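Engineer: If you scroll down you'll find the structure; I have some questions about it.
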Amino acid sequence: MSKTNLQLLKSLADEEQELYLNVCRARIRQLNEVKVNLYTHISLLYYYNYLYVI
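Quick note on our numbering: the sequence shown kicks off at 191 and runs consecutively.
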């Protein structure tokens with residue numbers, strides 16, 4: 191998190207900080223799920239390609 195974002199976060203009320211952090215966590219969780227799905231698809235493609243070559 192950038193210095194500016196941290197300073198702005200500190201200036202918010204506790205409830206607003208909590209809400210902001212929850213939104214950030216949800217966004218990170220969603221990005222991680224997309225990465226996992228992408229890596230799973232890539233792994234399956236390599237696996238099927240390997241089976242096709244054999």
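Virtual Cβ for every residue (Gly too), placed ideally from N, Cα, C.
Being a predicted model, the structure only gives us computed values, none of them experimental.
Who are the Cβ neighbours of Leu199 in its own chain at under 7 Å, not counting the five residues just before and after it?
Structural biologist: Excluding positions up to five away in sequence, the list reads Gln207 and Tyr210.
Engineer: Please report the distance separating the alpha-carbon of Arg219 from that of Leu228.
Structural biologist: Taking the straight line joining both Cα atoms gives about 14 Å.
Engineer: Taking the alpha helix (DSSP H) that Leu228 falls in, what are its first and last residues?
Structural biologist: Note, Leu228: alpha helix (DSSP H), Asp204 to Val243.
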